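Scroll down for the structure; my scribbles are underneath it.
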Amino acid sequence: MELKFFKKSIPTFIFLALFSVVVIPVFYQLLKVDEKLKIYNPADVNPRLVDFSMKHITKDHTIADFELTNQNGEKITNKNYKDKIYVADFFFTRCQTICIAMAYNMSELQDFYKNDDDILFLSHSVTPIIDSVAALKEYADRKGVIDGKWNITTGAKTHIYELARKSYFAVLDEGTGDENDFIHTEQFVLVDKEKRIRGYYDGTEKEDMEKLKKDILLLKEEYASQ
4 MELKFFKKSI PTFIFLALFS VVVIPVFYQL LKVDEKLKIY NPADVNPRLV
54 DFSMKHITKD HTIADFELTN QNGEKITNKN YKDKIYVADF FFTRCQTICI
104 AMAYNMSELQ DFYKNDDDIL FLSHSVTPII DSVAALKEYA DRKGVIDGKW
154 NITTGAKTHI YELARKSYFA VLDEGTGDEN DFIHTEQFVL VDKEKRIRGY
204 YDGTEKEDME KLKKDILLLK EEYASQ
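Numbering (the numbering used here), first residue to last: 4 to 229.
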(Lines of atoms letter the chains of each structure in order from A and count residues from 1; the text may use other names and numbers.)
(Lines give C-alpha, C1' and ligand atoms only; values in the text may rest on other atoms or scores of the structure.)
Protein backbone atom coordinates (compact mmCIF):
# COMPACT_ATOMS: atom_id res chain seq x y z
CA MET A 1 0.00 0.00 0.00
CA GLU A 2 2.79 2.37 0.98
CA LEU A 3 4.80 1.48 -2.16
CA LYS A 4 1.77 2.11 -4.36
CA PHE A 5 1.20 5.49 -2.68
CA PHE A 6 4.83 6.46 -3.17
CA LYS A 7 4.72 5.58 -6.88
CA LYS A 8 1.59 7.64 -7.34
CA SER A 9 3.25 10.56 -5.55
CA ILE A 10 6.37 10.68 -7.73
CA PRO A 11 4.79 13.05 -10.32
CA THR A 12 3.73 15.34 -7.47
CA PHE A 13 7.25 15.41 -6.05
CA ILE A 14 8.66 16.19 -9.50
CA PHE A 15 6.14 18.99 -9.96
CA LEU A 16 6.99 20.52 -6.57
CA ALA A 17 10.71 20.32 -7.30
CA LEU A 18 10.29 22.06 -10.66
CA PHE A 19 8.03 24.64 -9.04
CA SER A 20 10.70 25.41 -6.45
CA VAL A 21 13.48 25.70 -9.04
CA VAL A 22 11.58 27.82 -11.58
CA VAL A 23 8.74 29.71 -9.91
CA ILE A 24 10.25 30.72 -6.56
CA PRO A 25 13.25 32.57 -8.12
CA VAL A 26 10.83 34.41 -10.42
CA PHE A 27 8.76 35.58 -7.45
CA TYR A 28 11.97 36.60 -5.68
CA GLN A 29 13.04 38.75 -8.60
CA LEU A 30 9.61 40.34 -8.78
CA LEU A 31 9.66 41.19 -5.08
CA LYS A 32 13.32 42.23 -4.94
CA VAL A 33 13.92 45.98 -4.70
CA ASP A 34 16.97 47.03 -6.69
CA GLU A 35 19.59 48.46 -4.36
CA LYS A 36 21.15 51.58 -5.81
CA LEU A 37 23.49 54.14 -4.35
CA LYS A 38 22.15 57.55 -3.49
CA ILE A 39 22.97 60.41 -5.87
CA TYR A 40 24.14 63.35 -3.77
CA ASN A 41 23.08 66.88 -4.60
CA PRO A 42 23.79 70.06 -2.61
CA ALA A 43 20.48 69.82 -0.76
CA ASP A 44 21.43 66.33 0.49
CA VAL A 45 24.71 67.37 2.11
CA ASN A 46 25.43 68.99 5.48
CA PRO A 47 24.50 72.67 4.84
CA ARG A 48 27.76 73.79 6.46
CA LEU A 49 29.61 72.15 3.57
CA VAL A 50 27.61 73.82 0.82
CA ASP A 51 27.96 77.31 -0.65
CA PHE A 52 24.87 79.42 0.10
CA SER A 53 24.15 79.88 -3.61
CA MET A 54 23.86 76.09 -4.08
CA LYS A 55 21.92 74.93 -1.02
CA HIS A 56 18.60 74.85 -2.86
CA ILE A 57 19.83 72.55 -5.67
CA THR A 58 18.14 69.14 -5.45
CA LYS A 59 19.18 67.47 -8.70
CA ASP A 60 21.68 67.33 -11.57
CA HIS A 61 24.77 68.30 -9.56
CA THR A 62 28.03 67.16 -11.15
CA ILE A 63 31.73 67.71 -10.49
CA ALA A 64 32.88 70.85 -12.29
CA ASP A 65 35.49 70.69 -15.04
CA PHE A 66 39.01 70.85 -13.66
CA GLU A 67 42.59 71.30 -14.86
CA LEU A 68 45.38 70.09 -12.59
CA THR A 69 48.99 68.84 -12.85
CA ASN A 70 49.99 65.36 -11.70
CA GLN A 71 53.15 63.82 -10.28
CA ASN A 72 54.66 63.49 -13.77
CA GLY A 73 54.01 67.10 -14.75
CA GLU A 74 51.12 66.03 -16.99
CA LYS A 75 47.91 68.03 -17.35
CA ILE A 76 44.98 66.19 -15.78
CA THR A 77 41.41 67.20 -16.57
CA ASN A 78 37.95 65.72 -16.22
CA LYS A 79 38.57 64.13 -19.65
CA ASN A 80 41.07 61.76 -18.03
CA TYR A 81 38.15 60.49 -15.92
CA LYS A 82 35.56 60.34 -18.69
CA ASP A 83 33.36 57.23 -18.35
CA LYS A 84 35.24 56.17 -15.21
CA ILE A 85 34.26 55.61 -11.60
CA TYR A 86 36.75 57.34 -9.32
CA VAL A 87 37.57 58.09 -5.70
CA ALA A 88 38.76 61.60 -4.84
CA ASP A 89 40.40 63.07 -1.75
CA PHE A 90 42.29 66.14 -0.50
CA PHE A 91 45.70 65.87 1.16
CA PHE A 92 49.16 67.43 1.43
CA THR A 93 52.54 65.72 1.24
CA ARG A 94 53.87 67.06 4.56
CA CYS A 95 50.81 66.02 6.57
CA GLN A 96 51.73 63.89 9.59
CA THR A 97 48.20 63.24 10.88
CA ILE A 98 45.14 61.95 9.00
CA CYS A 99 46.87 61.93 5.59
CA ILE A 100 49.09 59.02 6.63
CA ALA A 101 46.09 56.69 7.11
CA MET A 102 44.35 58.17 4.09
CA ALA A 103 47.34 57.51 1.81
CA TYR A 104 47.66 53.96 3.13
CA ASN A 105 43.96 53.24 2.51
CA MET A 106 44.01 54.84 -0.94
CA SER A 107 47.06 52.74 -1.81
CA GLU A 108 45.22 49.62 -0.63
CA LEU A 109 42.25 50.53 -2.82
CA GLN A 110 44.56 51.14 -5.78
CA ASP A 111 46.06 47.66 -5.37
CA PHE A 112 42.61 46.10 -4.96
CA TYR A 113 41.40 47.66 -8.25
CA LYS A 114 44.68 47.71 -10.16
CA ASN A 115 43.31 45.38 -12.84
CA ASP A 116 39.91 47.07 -13.06
CA ASP A 117 40.08 49.71 -15.80
CA ASP A 118 36.75 51.20 -14.67
CA ILE A 119 38.17 52.47 -11.37
CA LEU A 120 40.57 55.42 -10.95
CA PHE A 121 41.80 57.63 -8.10
CA LEU A 122 42.40 61.38 -7.78
CA SER A 123 44.16 63.23 -4.96
CA HIS A 124 44.28 67.03 -4.71
CA SER A 125 47.00 68.85 -2.78
CA VAL A 126 45.63 71.50 -0.40
CA THR A 127 49.08 73.11 -0.18
CA PRO A 128 49.84 73.44 -3.90
CA ILE A 129 52.52 76.12 -3.40
CA ILE A 130 54.58 73.65 -1.37
CA ASP A 131 53.62 70.55 -3.31
CA SER A 132 55.56 71.04 -6.52
CA VAL A 133 55.64 68.39 -9.23
CA ALA A 134 58.97 67.17 -7.82
CA ALA A 135 57.45 66.89 -4.32
CA LEU A 136 54.45 65.02 -5.70
CA LYS A 137 56.70 62.65 -7.65
CA GLU A 138 58.74 61.80 -4.55
CA TYR A 139 55.53 61.30 -2.57
CA ALA A 140 54.00 59.14 -5.33
CA ASP A 141 57.09 56.93 -5.44
CA ARG A 142 56.96 56.43 -1.66
CA LYS A 143 53.27 55.51 -1.77
CA GLY A 144 53.57 53.13 -4.70
CA VAL A 145 51.34 55.18 -6.99
CA ILE A 146 50.57 53.51 -10.32
CA ASP A 147 50.77 56.08 -13.13
CA GLY A 148 47.48 56.35 -14.99
CA LYS A 149 45.61 54.73 -12.10
CA TRP A 150 46.10 57.30 -9.36
CA ASN A 151 46.85 60.95 -10.07
CA ILE A 152 48.43 63.00 -7.26
CA THR A 153 47.77 66.57 -8.31
CA THR A 154 48.60 70.18 -7.69
CA GLY A 155 47.26 73.36 -9.29
CA ALA A 156 45.93 76.81 -8.55
CA LYS A 157 44.91 76.95 -4.89
CA THR A 158 41.67 78.83 -5.58
CA HIS A 159 40.72 76.22 -8.18
CA ILE A 160 41.39 73.26 -5.85
CA TYR A 161 39.58 74.86 -2.93
CA GLU A 162 36.58 75.71 -5.08
CA LEU A 163 36.43 72.10 -6.23
CA ALA A 164 36.52 70.95 -2.60
CA ARG A 165 33.75 73.32 -1.55
CA LYS A 166 31.51 73.67 -4.60
CA SER A 167 31.92 70.33 -6.38
CA TYR A 168 32.80 67.64 -3.84
CA PHE A 169 31.36 69.32 -0.69
CA ALA A 170 34.24 67.74 1.22
CA VAL A 171 35.08 70.60 3.61
CA LEU A 172 33.40 73.42 5.50
CA ASP A 173 32.35 76.33 3.33
CA GLU A 174 34.58 78.81 5.12
CA GLY A 175 37.34 80.63 3.27
CA THR A 176 38.13 81.92 -0.17
CA GLY A 177 41.19 79.92 -1.16
CA ASP A 178 43.50 82.84 -0.43
CA GLU A 179 46.96 82.51 1.15
CA ASN A 180 45.50 82.31 4.67
CA ASP A 181 42.93 79.65 3.80
CA PHE A 182 43.59 76.01 4.70
CA ILE A 183 41.41 72.93 4.42
CA HIS A 184 41.95 69.51 5.97
CA THR A 185 39.51 66.64 5.52
CA GLU A 186 39.49 62.86 5.83
CA GLN A 187 36.69 62.48 3.28
CA PHE A 188 36.95 60.09 0.34
CA VAL A 189 34.34 60.92 -2.31
CA LEU A 190 32.96 58.33 -4.74
CA VAL A 191 32.12 59.76 -8.17
CA ASP A 192 30.30 57.90 -10.94
CA LYS A 193 30.74 57.93 -14.72
CA GLU A 194 28.36 60.87 -15.04
CA LYS A 195 30.48 62.93 -12.59
CA ARG A 196 27.84 62.59 -9.84
CA ILE A 197 28.66 62.07 -6.17
CA ARG A 198 27.55 58.63 -4.98
CA GLY A 199 29.10 58.36 -1.53
CA TYR A 200 31.23 59.82 1.28
CA TYR A 201 33.65 57.78 3.39
CA ASP A 202 36.09 58.39 6.23
CA GLY A 203 39.44 57.78 4.57
CA THR A 204 41.07 56.90 7.90
CA GLU A 205 38.67 54.07 8.78
CA LYS A 206 39.02 50.48 7.55
CA GLU A 207 35.28 49.87 8.01
CA ASP A 208 34.51 52.71 5.64
CA MET A 209 36.93 51.29 3.07
CA GLU A 210 35.02 48.00 3.13
CA LYS A 211 31.77 49.91 2.66
CA LEU A 212 33.36 51.81 -0.23
CA LYS A 213 34.27 48.53 -1.93
CA LYS A 214 30.71 47.26 -1.53
CA ASP A 215 29.33 50.53 -2.90
CA ILE A 216 31.66 50.38 -5.91
CA LEU A 217 30.34 46.87 -6.59
CA LEU A 218 26.76 48.17 -6.41
CA LEU A 219 27.67 50.98 -8.79
CA LYS A 220 29.26 48.60 -11.27
CA GLU A 221 26.17 46.38 -11.10
CA GLU A 222 24.02 49.43 -11.77
CA TYR A 223 25.96 50.15 -14.97
CA ALA A 224 25.96 46.48 -15.98
CA SER A 225 22.15 46.39 -15.80
CA GLN A 226 21.67 49.44 -18.03
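No residue lacks a Cβ here, since even glycine has one placed at the ideal position from N, Cα and C. Computed from a predicted structure; not experimentally measured.
Task: Phe-93 and His-127 closer than 8 Å at C-beta - done: yes
Task: Which listed residue (Glu-70, Arg-51, Asp-119 and Tyr-84) has its alpha carbon closest to that of Ile-219 - done: Asp-119
Open item on the list: Suppose only complete runs of 4+ residues qualify. What are the alpha helix (DSSP H) ranges in the region 155-216, listed by chain order?
Closed with: 160-165
Open item on the list: Gly-202 and Leu-40 - do their beta-carbons sit closer together than 8 Å?
Closed with: yes
TODO: Rounded to whole angstroms, what's the CA-CA distance from Val-90 to Val-192? Just pull it up for me.
DONE: 5 Å
- [ ] Give a yes or no on whether the C-beta atoms belonging to Ala-67 and Lys-209 are separated by under 8 Å.
- [x] no
- [ ] Name, in chain order, the residues that DSSP records as bridge partners for Thr-80.
- [x] Glu-70
Task: Top-ranked residue by Cα proximity to Asp-144, from Leu-123, Tyr-43 and Asn-73 - done: Asn-73
TODO: Name the residue from Phe-172, Pro-131, Val-174 and Thr-188 whose alpha carbon lies nearest to the alpha carbon of Gly-158.
DONE: Pro-131
- [ ] Give the C-beta separation of Ile-133 and Tyr-142 to the nearest angstrom, bearing in mind that I take them to be a contact with Cβ-Cβ under 8 Å.
- [x] Their Cβ separation, rounded to whole angstroms, is 11 Å, which puts Ile-133 and Tyr-142 out of contact at 8 Å.
Task: Rounded C-alpha distance that separates Glu-165 from Leu-222 - done: 27 Å
TODO: State yes or no: is the C-beta of Ile-257 within less than 8 Å of the C-beta of Ile-88?
DONE: Absent from the model: residue 257. The displayed extent of the chain is 4 to 229, so no value can be given.
Open item on the list: Here's the rule I'm using: 16 or more other beta-carbon atoms within 10 Å means buried, otherwise exposed. How should Lys-35 be labelled?
Closed with: Reliability fails at Lys-35, whose pLDDT of 41 lies under 50, so the model's placement of it is uncertain and no value is given.
Task: Sequence-distant residues of its chain with Cβ nearer than 7 Å to Ile-60 (five each side left out) - done: Asn-44, Pro-45 and Ala-46
Open item on the list: Below 8 Å on the Cβ atoms is my contact criterion, and I expect Gly-147 with Ser-110 to pass it. Report the Cβ-Cβ distance as a whole number of Å.
Closed with: 6 Å
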